[in-house]
Amino acid sequence: MNVLVLNCGSSSVKFQIIETDEQLIEQDSDRRLASGIIERIGGQALITFQAEGHPKERRAEPLRDHRAAVDAILRWIISRSSNINNITSLSDIHAVGHRVVHGGEHFQKSARVNREVIEGIEECIDLAPLHNPANLKGIRAATELLGEGVPQAVVFDTSFHSTMPPSSYLYGIPYQLYRRYKIRRYGFHGTSHRYIAYRYRKLRNLEREQTNIITLHLGNGCSACAVLQGQSFDTSMGFTPLEGLIMGTRSGNIDPSLIEFLSAKSGMTIAEIDTLLNKQSGLFGLSGLTNDMRELLDEEAENQDRRATLAIDIFCQRVQQYIGGYMAEMGGTDAIAFSGGIGQNSPEVRRRICQGLGAIGIELDDEKNNHLNPADSADIGKDGSRVKVYMIPTNEELLIARDTFRVVADLPRQW
Ligand code: ADP
């Protein structure tokens, strides 16, 4: 089955085409056939397409909306010049899988798109006013362009965390607010944490119920997840992705009283403070330089920039807090795993996070940490480290493609 995986943001669409089926999943040999991204939809859009084994193609083209963007993707996919193996017409696209950010309490697993599912996603717009409408535009565009006959599935960022117990998902605020407005912790990056935990289980040949690991997705957005007996028990993002770790531009945890204080002192509106916490904080706000971890590490190494060091150190310390906290909540863990752009690519950040964690059984092997291939999972713990340490590349698109296949073929979800 050739699955078109779509990830629609407010002004962008990312896609991959992945060939998968039961046998390919079993053999872990599903194939990515092509990928790409369209940015700045609504104006002169920037288009990057790439068929596997071929160079990237880049161009700019005015694209009015998400429908026009999906149309451009489909036209490229079936064009001769794209060189995609085995795809020559729209009938070679057998299903579409969409990443959807918020499934609220409604969706505990991936679902086949139908009227009821669309209504369920619409009901969650309140909780994700920027993301869910874009995801819905992607679903509508695919339906219009491919026809009702091509099955579609939705895979939610939140659903892996639907197993969190109330002790993990409730805030210490009046319970009625949860009842009335559904104010609670939902967690995000669920597809990534689920994938990392799945890979770890495969690496160690464990049953799902034996899987106890703390997964660390450290990219532009960052979150940690306590996976206990194969299920999400706790995670660091909350009602929105703002909670938890320090991120590229997000503050992570702060004292909520700051909002009132800042508003009184600076005259900023609530909306402006929200933007400040989401877009001008985190690594960017602390360093005053950039949200990009690689650039901060370079600044530190080349110019001994004090605030770059501060930003990296605070970032790492916050991750340590979650590792320690989750170990306490879980009664210990068998492993931790680093993933995401930073977790996969930066031996230095992994080193700084693991520094001093010997006391709680986490010991990194410097040699293994410094010499790994970021594309392949690796055990980077010291021999004898009580808690194993892994680097596991995430692959949300693959999991979306597999879920889509299973939903469409009516097979039970496995992970
Ligand atoms: P997103 O969350 O947008 O998918 P990524 O997972 O691609 O983002 O992560 C982006 C982050 O990964 C950036 O902060 C980038 O600097 C960082 N990164 C990528 N490569 C390296 C590297 N070699 N060393 C340190 N950080 C890196």
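Residue numbering for the sequence shown follows numbering that gives the first Met the number 0, starting at 0 and increasing by one per position.
Ideal placement from N, C-alpha and C gives every residue a C-beta, glycine not left out.
Cα-Cα separation between I453 and D233, rounded to whole angstroms: Residue 453 is absent from the structure shown; the chain starts at 0 and stops at 414.
With a CB to CB cut of under 7 angstroms and the five nearest residues on each side skipped, what residues in its chain are close to N394? Working through the sequence shown from its first residue, we reach residue 394 at position 395. The answer, listed in chain order, is Y194.
Does the separation of the CB atoms of G103 and K181 fall below 8 angstroms? Counting from one through the sequence shown, the residue named residue 103 turns up at place 104. Counting from one through the sequence shown, the residue named residue 181 turns up at place 182. Judged by their CB atoms, G103 and K181 are nearer to each other than the 8 angstroms cut-off.
Apart from the five residues just before and just after K55, which ones in its own chain have a Cβ nearer than 8 angstroms to its Cβ? The residue given as residue 55 occupies position 56 in the sequence shown. So the list reads T47, F48, Q49, once near-sequence residues are dropped.
Got a sec? Which residues, its chain only, sit under 6 angstroms from S338 by beta carbon, not counting five neighbours each side? Translated into positions along the sequence shown, residue 338 becomes position 339. So the qualifying residues of the chain are I195, H216, I391, T393.
Near the ligand FAD, which residues have their beta-carbon less than 6 angstroms from any of its heavy atoms, given in chain order? In terms of ligand content, the structure shown lacks the ligand FAD and carries the ligand ADP instead.
6 angstroms Cβ shell around V406 - same chain, five flanking residues per side excluded: Start at 1 with the first residue of the sequence shown, and residue 406 comes out as number 407. Closer than 6 angstroms at Cβ, skipping near neighbours: S109, R111, A152.
Tell me the rounded alpha-carbon separation between L73 and S9. Along the sequence shown, one-based indexing puts residue 73 at 74. Along the sequence shown, one-based indexing puts residue 9 at 10. Rounded to whole angstroms, L73 to S9 spans 19 angstroms at the Cα level.
By alpha-carbon positions, which one of I83, V95, M246, R63 ends up nearest to E51? By one-based count along the sequence shown, residue 51 stands at place 52. Taking only the C-alpha atoms, the option nearest E51 is I83.
Are the segment 226 to 243 and the segment 158 to 176 touching by the rule of at least three beta carbon pairs closer than 8 angstroms? yes
Measuring only the C-alpha atoms, how far is N204 from L3? Residue 204 sits at position 205 when you count from the first residue of the sequence shown. Residue 3 sits at position 4 when you count from the first residue of the sequence shown. The straight-line gap from Cα to Cα measures roughly 30 angstroms.
C-beta contact flag for N211 and D333 at 8 angstroms: Position 212 of the sequence shown, counted from the first residue, corresponds to residue 211. Position 334 of the sequence shown, counted from the first residue, corresponds to residue 333. Cβ atoms of N211 and D333: closer than 8 angstroms.
Straight-line gap, K367 to I40 (C-alpha atoms, nearest Å): Within the sequence shown, the letter at position 368 stands for residue 367. Within the sequence shown, the letter at position 41 stands for residue 40. The straight-line gap from Cα to Cα measures roughly 42 angstroms.
For N134, is the classification buried or exposed, using 16 other Cβ atoms within 10 angstroms of its Cβ as the cut-off for buried? Taking the sequence shown and counting its residues from 1, one reaches residue 134 at position 135. It is buried - the Cβ of N134 has at least 16 other Cβ atoms within 10 Å.
Using only CA atoms, which one of Y185, H192, Q228, R306 lies nearest to L126? One-based indexing of the sequence shown puts residue 126 at position 127. Scanning Y185, H192, Q228, R306 for the CA closest to the CA of L126 turns up Y185.
Are the Cβ atoms of R98 and V154 separated by less than 8 angstroms? Along the sequence shown, read from residue 1 onward, the residue named residue 98 stands at position 99. Along the sequence shown, read from residue 1 onward, the residue named residue 154 stands at position 155. Yes.
Those runs of the beta strand (DSSP E) which lie wholly inside the segment 196 to 225 and span at least 3 residues: 212 to 217
Where the alpha helix (DSSP H) through S286 begins and ends: Here residue 286 corresponds to residue number 287 of the sequence shown, with the count starting at 1. Taken as a continuous stretch (DSSP letters only), the alpha helix (DSSP H) holding S286 covers 281 to 286.
Complete beta strand (DSSP E) runs within the segment 342 to 406 (minimum length 3 residues, chain order): 387 to 390
Assess, as a yes-or-no matter, whether the segment 29 to 40 is touched by the segment 59 to 70 under the definition of 3 or more beta carbon pairs within less than 8 angstroms. Because the criterion of three Cβ pairs below 8 angstroms is met, the segment 59 to 70 and the segment 29 to 40 touch.
Could you tell me the distance, in whole angstroms, from the CA atom of L269 to the CA atom of S262? Mapped onto the sequence shown, residue 269 falls at position 270. Mapped onto the sequence shown, residue 262 falls at position 263. Reading off the sequence, residue 269 comes out as Ile, not Leu. Going by the C-alpha atoms only, they are around 7 angstroms apart.
Spatial neighbours of R350 in its chain, beta-carbon cut-off 8 angstroms, leaving aside the 5 residues before and after: Taking the first residue of the sequence shown as position 1, residue 350 is located at position 351. Cβ-Cβ distances below 8 angstroms link R350 to L363, D365, N368 in the same chain, with the five nearest sequence neighbours on each side left out; the list follows chain order.
Measure from the alpha carbon of Q26 to the alpha carbon of each residue in R401, D409, A408, R412, then state which is nearest. To locate residue 26, count along the sequence shown from 1; it is residue 27. Out of R401, D409, A408, R412, R401 has the C-alpha closest to the C-alpha of Q26.
Terminal residues of the beta strand (DSSP E) in which A336 lies: Numbered from 1 along the sequence shown, position 337 holds the residue referred to as residue 336. 334 to 338 is the extent of the beta strand (DSSP E) around A336.
Alpha-carbon to alpha-carbon, S256 and M267: Within the sequence shown, residue 267 is the residue found at index 268, counting from 1. Within the sequence shown, residue 256 is the residue found at index 257, counting from 1. If you take the alpha carbons of M267 and S256, they lie about 14 angstroms apart.
According to DSSP, P419 sits in a beta bridge with which residue or residues? Here the chain has residues from 0 to 414 only, and residue 419 is not among them.
Within the same chain, show all residues whose beta-carbon is closer than 7 angstroms to that of E298, passing over the 5 residues directly before and after it, in chain order. Stepping through the sequence shown from its first residue, residue 298 is reached at position 299. If we look at E298 and ignore the five residues flanking it on each side, its Cβ neighbours are L288, D304, A307.
Boundaries (first-last residue) of the alpha helix (DSSP H) holding C315: Position 316 of the sequence shown, counted from the start, is the residue given in the question as residue 315. 305 to 329 is the extent of the alpha helix (DSSP H) around C315.
Straight-line gap, C353 to K387 (C-alpha atoms, nearest Å): In the sequence shown, counting from the first residue as 1, residue 353 sits at position 354. In the sequence shown, counting from the first residue as 1, residue 387 sits at position 388. Here the C-alpha atom of C353 lies approximately 12 angstroms from the C-alpha atom of K387.
Reduced DSSP secondary structure (H/G/I, E/B, other) of L144: The residue labelled residue 144 in the question sits at position 145 within the sequence shown. Three-state result, L144: helix.
Pull up the distance between the alpha-carbon of N85 and that of N6, whole angstroms please. Counted from its first residue, the sequence shown places residue 85 at position 86. Counted from its first residue, the sequence shown places residue 6 at position 7. Spanning the two alpha carbons is a distance of roughly 23 angstroms.
If I follow the unbroken alpha helix (DSSP H) through F155, where does it start and stop? Your numbering for residue 155 matches position 156 in the sequence shown. Element bounds for F155: not the alpha helix (DSSP H) but the beta strand (DSSP E), 151 to 155.
From the DSSP output, which residues share a beta bridge with E38? As a first step, residue 38 must be located in the sequence shown, where it is residue number 39. Partner(s): L45.
What does E122 pair with, by DSSP beta-bridge criteria? Stepping through the sequence shown from its first residue, residue 122 is reached at position 123. Answer is none; E122 lacks a bridge partner.
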